[in-house]
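Reading through the structure tokens given below for one structure.
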Amino acid sequence: MKAKTGHVKTASWRTRRMHLTLILTLLFAAALIVLLIVIMASRKMNKVEIPLPWSNERMAYTAAEQSAMQTKEAFSTDLCIGSNNVTREDVSLRGNEKGGLFSLDDRRVVYSRDMFEKVYPASITKLMTAILALKSDKMNDTVTIQWQDLELESGSQVVGLRIGDKVTMQSLIRGLLIHSGNDAAQAIARIVGGTQEKFVVMMNEELQAIGATGSHFTNPTGLHDENHYTTVYDIYLMLNEAMKYDEFVNIIQVPVYDFQYWNADGEELHVTLDSTDHYLTGQIEPPKDVTVLGGKTGTTAAAGNCLAVLTQNAYGQFYISVIVGALSKDDLYADMNLLLGEINE
Numbered sequence: 002m003k004a005k006t007g008h009v010k011t012a013s014w015r016t017r018r019m020h021l022t023l024i025l026t027l028l029f030a031a032a033l034i035v036l037l038i039v040i041m042a043s044r045k046m047n048k049v050e051i052p053l054p055w056s057n058e059r060m061a062y063t064a065a066e067q068s069a070m071q072t073k074e075a076f077s078t079d080l081c082i083g084s085n086n087v088t089r090e091d092v093s094l095r096g097n098e099k100g101g102l103f104s105l106d107d108r109r110v111v112y113s114r115d116m117f118e119k120v121y122p123a124s125i126t127k128l129m130t131a132i133l134a135l136k137s138d139k140m141n142d143t144v145t146i147q148w149q150d151l152e153l154e155s156g157s158q159v160v161g162l163r164i165g166d167k168v169t170m171q172s173l174i175r176g177l178l179i180h181s182g183n184d185a186a187q188a189i190a191r192i193v194g195g196t197q198e199k200f201v202v203m204m205n206e207e208l209q210a211i212g213a214t215g216s217h218f219t220n221p222t223g224l225h226d227e228n229h230y231t232t233v234y235d236i237y238l239m240l241n242e243a244m245k246y247d248e249f250v251n252i253i254q255v256p257v258y259d260f261q262y263w264n265a266d267g268e269e270l271h272v273t274l275d276s277t278d279h280y281l282t283g284q285i286e287p288p289k290d291v292t293v294l295g296g297k298t299g300t301t302a303a304a305g306n307c308l309a310v311l312t313q314n315a316y317g318q319f320y321i322s323v324i325v326g327a328l329s330k331d332d333l334y335a336d337m338n339l340l341l342g343e344i345n346e
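So the sequence shown is numbered by our numbering: it starts at 2 and just counts up by one.
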């Protein structure tokens, strides 16, 4: 009987020990789980969220909207921004003239009159012709003049080239900007664009690229066409863009140019070209302490007398000023001097 009792006690102890081991194992496992939960929670709390470059909300913008936002931001920081009309006490343009005065140093519209209204640019168009020429890989070419280059209305301003003449692109762009030669403009358009029609497409693409959305061109010369138009503000944009090219800035300061070319027989010829800008030729004096560096003129019956110039004041600050639609050259330069009188104030 004693042996049987001892056996029962031993079995009971073993059972209790197994139960205890199981309980301890479960407790340890539970503790381990709790610890892991605490560690994971802690890591989550301390995690730094790095936003993706494009969130789902950002991706909702179309490519066009993104481009528009970027363009708006660039224009607001790099270009003069102002309203259609900004008055100055001492400036009053006459008649139907439209104009603007733009401070390049502090990106400010100092004065404007109907600067977003449709106008005809006349030969100020040649700013865009020059931009495309300077951007091209054709500036070292020698051009043979063809009949298409000389198809111009009677009385057009020309350098005087003839079919078969040979001239460098360097000379053509000077004939374009200094003397406003329409034959030079058409030759440049043909060489840069392949055809004048393709060049016109390039002009309108470039206008859109620089933000000149109020403009549409139909030719490289500025000769009148109802569908060839711009705004005062867009003229500012064109001149501002052209100034990025050192060669352009150098050319527009030249009052007289010795235009060299060769006729079909190979004979070297020269013609003296005067600037169409009366400030450069000394026919008109700017206000005191104002330096006119140059620009572009334009005149047609529909456009009136037009002028866009780059100037510098007594403190070395740069301005662009534009007037279109003057009834005469006397009115044009008198009113331009009113604008330029403001740059030292």
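Even glycine gets a Cβ: it sits at the ideal position worked out from N, Cα and C.
- Val-201 places its beta carbon 8 Å or farther from that of Ala-134.
- Between Gly-295 and Leu-308, the C-beta gap is not smaller than 8 Å, which leaves the two residues out of contact.
- In the assembly as shown, Tyr-237 is a buried residue. Its beta-carbon has 16 or more other beta-carbons within 10 Å.
- Closest by C-alpha distance to Asp-150, out of Ser-124, Leu-178, Ile-253 and Ala-186, is Ala-186.
- Taking a cut-off of 8 Å for Cβ pairs, the segment 94 to 103 and the segment 113 to 124 touch, as three or more such pairs fall below it.
- Rounded to the nearest angstrom, the gap between the Cα atoms of Asn-220 and Tyr-230 is 11 Å.
- With three or more CB-CB distances shorter than 8 Å, the segment 173 to 181 counts as touching the segment 242 to 253.
- Annotation for Val-323: no alpha helix (DSSP H) segment contains it, though the beta strand (DSSP E) segment containing it runs 319 to 327.
- Restricting attention to Thr-277, Gln-254 and Thr-300, the CA atom closest to the CA of Gln-313 is found in Gln-254.
- Judged by DSSP in its simplified three-state form, Asn-306 adopts strand.
- For the pair Val-325 and Val-120, the CB atoms are nearer than the 8 Å cut-off.
- Note that the segment 150 to 164 does not touch the segment 205 to 212; fewer than 3 beta-carbon pairs, one per stretch, sit closer than 8 Å.
- Scanning Met-239, Thr-196, Gln-197 and Lys-199 for the CA closest to the CA of Gly-215 turns up Met-239.
- In the structure shown, the three-state DSSP call for Gly-212 is coil.
- Asp-331 counts as exposed, since fewer than 16 other beta carbons sit within 10 angstroms of its beta carbon.
- In this structure, Thr-298 lies away from Gly-223, with their beta-carbon atoms at least 8 Å apart.
- The bridge partners DSSP lists for Tyr-230 are His-217.
- Residue pairing by DSSP places Gln-261 opposite His-271 in a beta bridge.
- Within its own chain, the residues whose Cβ lies closer than 7 Å to the Cβ of Leu-333, once the five positions on either side in sequence are excluded, are Asn-306, Leu-308, Ile-324 and Ala-327, listed in chain order.
- The beta carbon of His-180 sits closer than 8 Å to the beta carbons of Gln-158, Val-160, Tyr-258, Phe-260, Leu-274, Asp-275, Ser-276 and Thr-277 from its chain, once the five residues preceding and following it are set aside; these are given in chain order.
- Sequence-distant partners of Leu-128 (beyond 5 residues in either direction) whose C-beta falls short of 7 Å from its own C-beta, in its chain, are Met-239, Leu-240, Ala-243 and Lys-297.
- Assignment of Leu-224 by DSSP, reduced to helix, strand and coil, places it in the coil class.
- The alpha-carbon separation between Thr-300 and Val-233 amounts to approximately 15 Å.
- 8 Å or more divides the Cβ of Tyr-316 from the Cβ of Ser-104.
- Within the segment 132 to 184, the runs of beta strand (DSSP E) at least 3 residues long that lie entirely inside it are, in chain order, 143 to 145 and 167 to 169.
- With respect to the C-alpha of Leu-339, the residue from Ser-84, Asp-91, Val-87 and Asp-142 having the closest C-alpha is Asp-91.
- For Asp-142, the CB contacts under 8 Å within the same chain, skipping 5 residues up- and downstream, are Thr-169, Met-170 and Ile-192 in chain order.
- Non-local beta-carbon contacts of Asp-336 in its own chain, meaning distances under 8 Å to residues more than five positions away in sequence, involve Leu-94, Arg-95, Glu-98, Gly-100, Ile-324 and Ala-327 in chain order.
- Look at Lys-330 here: in three-state DSSP terms it is helix.
- Counting C-beta atoms within 10 angstroms of its own C-beta, Leu-27 has fewer than 16 neighbours from the protein chains shown and is therefore classed as exposed.
- DSSP, read as helix, strand or coil, puts Lys-245 in coil.
- Here Ile-132 is actually not in contact with Trp-148; their C-beta atoms are around 26 Å apart, not less than 8 Å.
- In the DSSP assignment, Lys-199 forms no beta bridge with any residue.
- In this structure, Ile-285 keeps its C-beta atom at 8 Å or more from the C-beta atom of Leu-178.
- Taking the Cα of Ala-213 as reference, the smallest distance to any Cα among Glu-198, Asp-235 and Glu-227 is reached at Asp-235.
- Here the alpha carbons of Ile-146 and Gln-318 stand approximately 41 Å from one another.
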